[in-house]
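A.B. asks: Residue numbering for the sequence shown is 595 to 728, as defined by the numbering used here.
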Amino acid sequence: MTIISVAARGLGLGVILGFAVGCAGEVSRPAVEGKVTYKGAPVADKTISLVKGAPPDIVSKTFSLGPDGTFTGEVPEPGDYKVVIGESLAVMEGGKSKAATGGKVPAKYAQAATSDVTWAVKTGSNKREIELKD
Numbered sequence: 595m596t597i598i599s600v601a602a603r604g605l606g607l608g609v610i611l612g613f614a615v616g617c618a619g620e621v622s623r624p625a626v627e628g629k630v631t632y633k634g635a636p637v638a639d640k641t642i643s644l645v646k647g648a649p650p651d652i653v654s655k656t657f658s659l660g661p662d663g664t665f666t667g668e669v670p671e672p673g674d675y676k677v678v679i680g681e682s683l684a685v686m687e688g689g690k691s692k693a694a695t696g697g698k699v700p701a702k703y704a705q706a707a708t709s710d711v712t713w714a715v716k717t718g719s720n721k722r723e724i725e726l727k728d
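(1) Could you give the DSSP three-state label for Ala-635: helix, strand or coil?
(2) Could you work out which residue in Asp-662, Ser-643, Gly-647 and Ala-701 is closest to Gly-634 when comparing CA atoms only?
(3) Tell me whether Lys-702 sits in a helix, a strand or coil according to DSSP, three-state version.
(4) By how many angstroms is the C-alpha of Lys-676 removed from the C-alpha of Lys-716?
(5) Pull up the CB-CB distance for Gly-647 and Glu-723, whole angstroms please, since I reckon it's below 8 Å.
(6) Work out the CA separation of Asp-639 and Ser-658 for me, nearest whole Å.
(7) Just how far apart, CA to CA, sit Leu-611 and Ser-622?
(8) Could you please give the first and the last residue of the uninterrupted beta strand (DSSP E) stretch that includes Ala-714?
(9) By Cβ distance below 6 Å, which residues in the same chain neighbour Lys-692 in space, the five residues on each side in sequence not counted?
(10) Rounded to whole angstroms, what's the CA-CA distance from Tyr-632 to Val-678? Just pull it up for me.
(11) Pull up the distance between the alpha-carbon of Gly-680 and that of Ser-643, whole angstroms please.
(12) For Asp-674, which option in Asn-720, Leu-726, Glu-725 and Lys-727 has the closest C-alpha, if you only look at C-alpha atoms?
(13) Which residues mark the beginning and the end of the beta strand (DSSP E) in which Asp-674 is found?
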């Protein structure tokens, strides 16, 4: 065996081990899915934000609510999140949508500080029906 072939084998092994260690350190994010309703009707064309912590250590993730009030995605980490309902991106940019003409929800859900809905998100898959109340 030559020095070059020994070096090539060592380099190849190093790359494989580095890849294996890199993959082992990957953390899976908790999956969330659910449906938001108010007075029995789906909350459509708005956003739902899951907000954890207080400044300066806030962790949050925002999802679009579909026409049937459903959402799906991942949050950065497990923990206790406040549920916040906001306007859709189309409304915030001045576009026309159902949210602009109706679909009002109580104002308390517009901020984490006033929302009374919390969600204890665990590692793995999390599913929840969220009924907003006056």
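Ideal Cβ placement from N, Cα and C applies to all residues, glycine included.
These numbers were taken from a predicted model, which means no experiment stands behind them.
C.D. replies: On the basis of the supplied data:
(1) strand
(2) Asp-662
(3) helix
(4) 14 Å
(5) Between Glu-723 and Gly-647 the Cβ distance is about 25 Å, and since that is not below 8 Å, they are no contact.
(6) 7 Å
(7) With a pLDDT of 46 at Leu-611, under the threshold of 50, the predicted position of this residue should be treated as unreliable, though the coordinate-derived value follows. Approximately 21 Å between the Cα atoms of the pair.
(8) 712-715
(9) For Lys-692, the predicted structure reports a pLDDT of 48, less than 50, and the residue's modelled location is therefore unreliable. The matter cannot be settled from this model.
(10) 13 Å
(11) 8 Å
(12) Asn-720
(13) 673-681
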